[in-house]
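Numbering (the UniProt record's numbering), first residue to last: 1 to 468.
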């Protein structure tokens with residue numbers, strides 16, 4: 001009787017394990033299906049705000065977790081938390097960018113940089129190189145200066161539009177050029193939050209300094225070459241810049257800020273955030289106030305009624321709907337990620353990623369972390385989840401904490417840039433482009449080049465462990 005009972009219990013346990021395995025497989029299929037729905041229908045120009053809810057419900061159904069609370073609690077808690085934290089940054093960033101557009105400061109910076117590097121010649125291949133290198137340099141400065149990634153995108157859009165307009169490059173490649181320096185946010189020493197999160201492991205901001213620099217340099221060069229190649233082909237096809245109503249429309253026959261004056265608010269943000277260690281919102285508010293003061297004559301001159309107050313109101317009014325749209329897009333995608341991360345299937349994925357026996361652990365750190373980041377759909381949530389869920393297993397397997405820190409941070413710039421990412425959609429929406437026409441170059445720069453960066457760093461660490 002005892003033996004029969006044991007066998008029965010054993011059989012029941014086996015059945016439960018098999019049943020659990022089948023449900024996990026179905027749940028994983030649901031997660032992949034949800035991501036596929038987001039990616040495919042975003043390309044078809046469906047609005048991601050409501051589409052993310054549909055995708056989240058598909059994930060919930062496949063994970064046997066569909067209920068009203070899945071939407072009202074899990075989804076909305078994730079979305080609301082993100083919107084609460086980041087909307088102030090979005091608002092100040094949009095207002096800041098609007099002042100640069102309305103005053104003509106963004107065009108002044110763009111033209112000065114281009115003319116300085118090209119010595120007045122910005123046509124043909126030389127102009128392409130100048131526009132690309134200028135975009136890469138500004139991206140690097142913004143990231144190393146501590147400007148939040150989303151705020152950086154918002155602030156750089158008018159600058160890159162200025163570059164493209166000056167060199168007469170096709171508009172649809174502006175988002176790709178905005179993302180040309182994606183890997184720079186994960187540089188050793190970067191104040192970006194994806195480099196701050198892994199500090200919980202007891203590491204330093206410059207963890208794995210040399211491998212990180214080598215990987216970032218290789219990825220950066222690759223992104224530059226990708227962009228130049230694509231723009232050269234576009235020039236051969238006869239594509240040109242096409243303006244739209246929301247472009248900076250400063251009349252250069254009227255007063256515009258001096259180049260060095262236009263740089264002051266940007267420099268102030270860098271210094272206040274990095275030297276005085278103030279919150280990014282306060283740092284950007286200081287930059288905003290400086291722009292209001294320093295750009296006052298230009299704002300007045302550019303206004304049709306020649307009134308400073310009207311110019312400021314027009315700029316800020318335009319920033320509000322832009323902010324609301326960005327916040328809704330971002331929050332909706334984070335809500336989708338919250339539903340995914342709450343499923344048992346997601347836990348099974350994490351367990352599988354950390355239990356594979358591999359002789360190339362550092363390479364697999366990049367693979368595992370990139371997958372987690374892709375599932376979460378955003379760099380901050382992805383890196384945070386990767387540190388919390390992957391670190392214990394990989395560190396126990398012998399991966400040095402400094403190496404894990406750098407590789408997870410670099411992985412945070414890879415599959416975070418799928419078409420479901422809020423930053424990607426923002427970079428496409430602000431210059432008035434579409435996912436279908438702009439994402440291919442973005443994919444090369446923000447997924448392919450960043451993956452190469454991370455894998456190169458992992459290979460360097462594997463071959464030369466003394467550099468970690």
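Glycine included, C-beta positions come from ideal geometry on N, C-alpha and C.
Can you name, in chain order, every residue of its own chain whose Cβ lies under 8 Å from the Cβ of residue 8, other than the five neighbours on each side?
-> With a pLDDT of only 40 at residue 8, under 50, the local geometry of the prediction cannot be trusted, and no value is derived from it.
Rounded distance between the beta-carbons of residue 338 and residue 30, thought under 8 Å | Contact between residue 30 and residue 338 does not hold, since the beta-carbon distance rounds to 15 Å and is not under 8 Å.
For the ligand GDP, is there a heavy atom less than 8 Å away from the beta-carbon of residue 272?
-> Only the bare structure without any ligand can be found here, which leaves the ligand GDP out of the picture.
Just mark residue 188 as buried or exposed, buried being the case when its beta carbon has 16 or more other beta carbons within 10 Å.
-> Counting C-beta atoms within 10 angstroms of its own C-beta, residue 188 has 16 or more neighbours from the protein chains shown and is therefore classed as buried.
Distance, residue 143 Cα to residue 265 Cα | Roughly 16 Å separates the two Cα atoms.
If you draw a straight line from the C-alpha of residue 17 to the C-alpha of residue 350, how long is it?
-> For residue 17, the pLDDT reaches just 46, beneath the cut-off of 50, and the residue's location in the model is therefore unreliable, although a value from the coordinates is still provided. If you take the alpha carbons of residue 17 and residue 350, they lie about 18 Å apart.
Quick one: Cα of residue 205 to Cα of residue 468, how far?
-> Residue 468 has its alpha-carbon roughly 13 Å from the corresponding atom of residue 205.
For residue 343, which of 425, 60, 304, 35 has the nearest alpha-carbon?
-> In terms of CA proximity to residue 343, 60 leads the group 425, 60, 304, 35.
Compute the distance between the beta-carbons of residue 326 and residue 426, then report whether it is under 9 Å.
-> With contacts defined as CB atoms closer than 9 Å, residue 326 and residue 426 qualify as a contacting pair.
Since I believe residue 117 is in contact with residue 134 (beta carbons under 8 Å), could you give me their beta-carbon distance rounded to a whole number of angstroms?
-> Between residue 117 and residue 134 the Cβ distance is about 7 Å, and since that is below 8 Å, they are a contact.
Report buried or exposed for residue 322, applying the criterion of at least 16 other Cβ atoms within 10 angstroms of its Cβ.
-> Label assigned to residue 322: buried.
With C-beta atoms as the reference, is residue 368 less than 9 Å away from residue 395?
-> For residue 368 and residue 395, no; Cβs fall outside 9 Å.
Quick one: does residue 312 have its CB under 9 Å from some CB of chain D?
-> Of the chains in the structure shown, none is chain D; there is only one protein chain.
Sequence-distant residues of its chain with Cβ nearer than 8 Å to residue 128 (five each side left out) | Only residues of its own chain outside the window of five on either side were considered, and among them 167, 169, 228, 231, 232, 235 have a CB closer than 8 Å to the CB of residue 128, listed in chain order.
Please state whether DSSP places residue 5 in a helix, a strand or coil.
-> Because residue 5 sits at a pLDDT of 38, beneath the cut-off of 50, its placement in the model cannot be relied upon, and the point is left open.
May I ask you to report which of helix, strand or coil DSSP gives residue 169?
-> DSSP, read as helix, strand or coil, puts residue 169 in coil.
Which of helix, strand or coil does DSSP assign to residue 457?
-> Here residue 457 carries a helix assignment [DSSP, helix/strand/coil].
Would you call the CB atoms of residue 99 and residue 418 closer than 9 Å?
-> Against a cut-off of 9 Å, the Cβ pair of residue 418 and residue 99 comes out as no contact.
Simplified DSSP state of residue 255, which is helix, strand or coil | Three-state DSSP puts residue 255 in coil, outside helix and strand.
Within the stretch 106-164, note down every full alpha helix (DSSP H) run reaching 4 residues or more, in order along the chain.
-> DSSP assignment within the stretch 106-164 yields the following whole alpha helix (DSSP H) runs of 4 residues or more, N-terminal first: 124-144.
Looking at C-alpha atoms only, which residue of 422, 158, 45, 452 is the closest neighbour of residue 366?
-> Measuring C-alpha to C-alpha distances from residue 366 to each of 422, 158, 45, 452 identifies 452 as the nearest.
Is residue 175 closer than 9 Å to residue 329 when the C-beta atoms are compared?
-> No, the Cβ-Cβ distance between residue 329 and residue 175 is not below 9 Å.
Using the beta-carbon count (16 or more within 10 Å), is residue 211 buried or exposed?
-> Buried is the call here.
How big is the Cα-Cα spacing for residue 306 and residue 151?
-> When rounded, the distance between both Cα atoms is 29 Å.
Residues in its own chain within less than 8 Å of residue 399 by CB, not counting five upstream and five downstream?
-> Closer than 8 Å at Cβ, skipping near neighbours: 361, 362, 365.
Report yes or no: do the stretch 367-382 and the stretch 87-98 share at least 3 C-beta pairs separated by less than 8 Å?
-> With contact defined as three or more Cβ pairs closer than 8 Å, the stretch 367-382 and the stretch 87-98 are not in contact.
Could you tell me which uninterrupted alpha helix (DSSP H) segments, each at least 4 residues in length, are contained entirely in the stretch 384-468, listed from first to last along the chain?
-> Runs of the alpha helix (DSSP H) inside the stretch 384-468: 401-411, 422-429, 435-443, 449-463.
How is residue 313 classed by DSSP in three states: helix, strand or coil?
-> Residue state for residue 313 is assigned as helix, using DSSP reduced to three classes.
Mapping DSSP to helix, strand and coil, what is residue 380?
-> It is helical.
Taking C-beta to C-beta, are residue 173 and residue 446 nearer than 9 Å?
-> No, the Cβ-Cβ distance between residue 173 and residue 446 is not below 9 Å.
Does the beta-carbon distance from residue 171 to residue 114 come in below 9 Å?
-> Cβ distance not < 9 Å, so residue 171 and residue 114 don't count as in contact.
Are the Cβ atoms of residue 414 and residue 454 separated by less than 9 Å?
-> Their beta carbons are under 9 Å apart, which means residue 414 touches residue 454 by this criterion.
Euclidean distance between Cα positions of residue 386 and residue 324 | Looking at the two C-alpha atoms, the distance is approximately 29 Å.
Unbroken alpha helix (DSSP H) run spanning residue 103, endpoints = Membership of residue 103 in the alpha helix (DSSP H) is indicated by the continuous run 76-103.
Rounded C-alpha distance that separates residue 379 from residue 403 = Cα-Cα distance, rounded: 18 Å.
Quick one: what's got a C-beta closer than 6 Å to residue 297's C-beta in the same chain, skipping five residues either side?
-> Excluding sequence neighbours, residue 297 sits near 255.
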